[in-house]
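Residue numbers for the sequence shown follow the numbering used here, so the first one is 7 and each next one is one higher.
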Amino acid sequence: LGIADATTVDLDSIAGLSYRYDAARQVVDLRMPDSLRRPYALDSRALPATQAATASRGLVINYDAYAQTLGEQQFSLYTDLRYFDPHGVFNNTGTAYFYNGQRRYTRFDTSWSRSDPARPSTTQIGDAVSGSLAWTRSVRLGGFQWRSNFALRPDLVTFPIPSLSGSAAVPTAVDLYINNVRQYSGSVPSGPFIIRDVPGITGAGQATVITRDALGRTVATSVPLYVDTRMLAAGLSSYSFEAGFLRRNYGLQSFDYDARPAVSGSMRRGLSDVLTVEGHAEATGGVLNAGVGALMRLGHAGVLSGAVAGSAGRYPGTQVSVGYQLIEPRFSINAQTTRAFGRYGDLASRDGTPVPSATDQATFALPFLHRQTLSL
Numbered sequence: 007l008g009i010a011d012a013t014t015v016d017l018d019s020i021a022g023l024s025y026r027y028d029a030a031r032q033v034v035d036l037r038m039p040d041s042l043r044r045p046y047a048l049d050s051r052a053l054p055a056t057q058a059a060t061a062s063r064g065l066v067i068n069y070d071a072y073a074q075t076l077g078e079q080q081f082s083l084y085t086d087l088r089y090f091d092p093h094g095v096f097n098n099t100g101t102a103y104f105y106n107g108q109r110r111y112t113r114f115d116t117s118w119s120r121s122d123p124a125r126p127s128t129t130q131i132g133d134a135v136s137g138s139l140a141w142t143r144s145v146r147l148g149g150f151q152w153r154s155n156f157a158l159r160p161d162l163v164t165f166p167i168p169s170l171s172g173s174a175a176v177p178t179a180v181d182l183y184i185n186n187v188r189q190y191s192g193s194v195p196s197g198p199f200i201i202r203d204v205p206g207i208t209g210a211g212q213a214t215v216i217t218r219d220a221l222g223r224t225v226a227t228s229v230p231l232y233v234d235t236r237m238l239a240a241g242l243s244s245y246s247f248e249a250g251f252l253r254r255n256y257g258l259q260s261f262d263y264d265a266r267p268a269v270s271g272s273m274r275r276g277l278s279d280v281l282t283v284e285g286h287a288e289a290t291g292g293v294l295n296a297g298v299g300a301l302m303r304l305g306h307a308g309v310l311s312g313a314v315a316g317s318a319g320r321y322p323g324t325q326v327s328v329g330y331q332l333i334e335p336r337f338s339i340n341a342q343t344t345r346a347f348g349r350y351g352d353l354a355s356r357d358g359t360p361v362p363s364a365t366d367q368a369t370f371a372l373p374f375l376h377r378q379t380l381s382l
């Protein structure tokens, strides 16, 4: 009933509640509808408690070597050097070339990063790739980055997962089937119950809850579901913020950075289990770009996405993007179209990579042969 301890309650004031006082046993027997009872919660993804992460000191060197001895002799060596300690991870990558007596080393990325699983987030200083959304472009820069990092928490489900509810008159065994595959088995006491974090589904599907009491009587209830892993659960946010100098001639020059500072930021938030909103902004000398977008689940009919962005300065213009995705057990559809108007541009445009004026993508996939997929 959600009543605090040591609280005096007038039982006659609670609508739907009936009671009987047993003077001999000195107890009060209460009878109430399920609407007044707190559901018994089952977590179908319950995992054992994880130990706190520990860190020590160490050094890792990964390399990839290539040599040619016939004809013109040449040798190249790619290295990935990592040093880690309790304060973070230092990483440096690059390639050394030896060709016709010439020697050259090209640095790719150098950075120091520190991750916090409690947030979960990663702070990085040095070379980084900016965060992006489905309708924006990433850029390489040298400077500072702070971003969410859900990979640090594999136990965390970031997308909306439906919950299934039911009621049992007596203590009952419960089985959960997703698309006719059993995903969970457990037991519940009498009264209402709820199964949280329904697993094992992406796209459209069907969940069936089967209850079985001690006498063998079974009740099966089926409900349609739709799950999209691109969306964020209600109240959950993801972000990426960067500030620094744009990298130029990556892979050709080791220290070629633009002289003007640049900033970039992206953020997404789940407003509800059916709506995720997102925003992005970036700027550098002569370029300003900002936009907003959203993903909306259309019940069990798929997810509709859309975004609009504008740019000013050297590249004044507008970009509009619309997409739709539907994943069914027997087929899937994915379509997206993007149109840029005027001289729309972004940070990548400063490096001579213009935004395409039109981009269209459409995919239709069907099961093909045994565990294969045919996509068009």
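Glycine is no exception: its CB is placed at the ideal position from the N, C-alpha and C atoms.
- Counting of Cβ neighbours within 10 angstroms places Gln-325 among the buried residues, the total reaching 16 or more.
- Here the alpha carbon of Ala-307 sits roughly 15 Å from the alpha carbon of Arg-236.
- The criterion of a C-beta distance shorter than 8 Å is not satisfied by Tyr-263 and Phe-247.
- Take Thr-365, set aside five residues on each side of it, and the residues of its chain with a beta-carbon closer than 6 Å to its own are Thr-344, in chain order.
- When C-alpha distances from Val-225 are compared across Asp-181, Gln-342 and Arg-266, the shortest belongs to Asp-181.
- Residue range 293–303 is occupied by the beta strand (DSSP E) that includes Ala-300.
- When the Cα atoms are used, Val-298 and Ser-270 turn out to be separated by approximately 14 Å.
- Considering only Leu-294, Asn-295 and Leu-301, the residue with the shortest C-alpha distance to Gly-276 is Leu-301.
- In the three-state reduction of the DSSP assignment, Arg-159 falls in the coil class, being assigned neither a helical nor a strand state.
- Inclusion of Ala-296 and Ala-313 in the CB contact set at 8 Å is not warranted, their separation being larger than that value.
- The continuous beta strand (DSSP E) containing Asn-97 extends over residues 94–105.
- The shortest C-alpha to C-alpha distance from Pro-168 to any of Glu-78, Asn-255 and Ile-207 is the one to Ile-207.
- Straight across, the Cα-Cα distance linking Ser-278 with Asp-70 is about 47 Å.
- Taking Arg-120 as the centre and dropping the five residues before and after it, the same chain places the C-beta of Gly-94 and Thr-129 closer than 6 Å to its C-beta, in chain order.
- In the DSSP annotation of this structure, Glu-78 is not part of any beta strand (DSSP E), being labelled neither H nor E.
- Around the CB of Gln-151, 16 or more other CB atoms lie within 10 Å, so the residue is classed as buried.
- Pairing Thr-214 with Arg-336, the inter-Cα distance amounts to about 19 Å.
- Around the beta carbon of Arg-146, 16 or more other beta carbons sit within 10 angstroms, so the residue counts as buried.
- The C-alpha of Gly-192 is placed about 38 Å away from the C-alpha of Ser-311.
- The C-alpha of Val-293 is placed about 11 Å away from the C-alpha of Arg-266.
- Annotation for Ser-260: Thr-112 and Arg-113 place their beta carbon closer than 6 Å to its own, counting only its chain and skipping 5 residues before and after.
- By the C-beta criterion, the region 64–80 is judged not to be in contact with the region 230–244, since fewer than 3 inter-stretch pairs fall below 8 Å.
- In the three-state reduction of the DSSP assignment, Ser-62 falls in the coil class.
- Separation of Pro-177 and His-286 (C-alpha to C-alpha, rounded to the nearest whole angstrom) is 51 Å.
- The region 330–381 contains, as complete beta strand (DSSP E) runs of 3+ residues, the segments 338–348, 364–374 and 378–381 (chain order).
- In this structure Gly-148 does not touch Ile-333 by the C-beta definition: roughly 39 Å separates them, more than the 8 Å allowed.
- Per DSSP, the beta bridge partners of Met-273 are Tyr-245 and Gly-285.
- In this structure, DSSP gives Leu-17 a helical state, which the three-state scheme calls helix.
- Rounded to whole angstroms, the Cβ separation of Thr-142 and Asp-352 is 7 Å, and the two are in contact under 8 Å.
- C-alpha of Arg-274 to C-alpha of Gln-342: approximately 19 Å in a straight line.
- Looking at the backbone, the Cα of Ala-249 and that of Thr-359 are separated by about 20 Å.
- Shown here for Thr-101: same chain residues with a beta carbon closer than 8 Å to its own, the five before and five after excluded, namely Ser-82, Leu-83, Tyr-84, Thr-85, Tyr-111, Thr-112 and Phe-114 in chain order.
- For Gln-32, there is no enclosing beta strand (DSSP E), since its DSSP letter is neither H nor E.
- Looking at the backbone, the Cα of Ala-157 and that of Asp-91 are separated by about 20 Å.
- A check of alpha carbon separations from Ser-136 across Ser-154, Arg-125, Val-361 and Pro-126 identifies Ser-154 as the nearest.
- In the displayed model, Leu-231 falls within a strand according to three-state DSSP.
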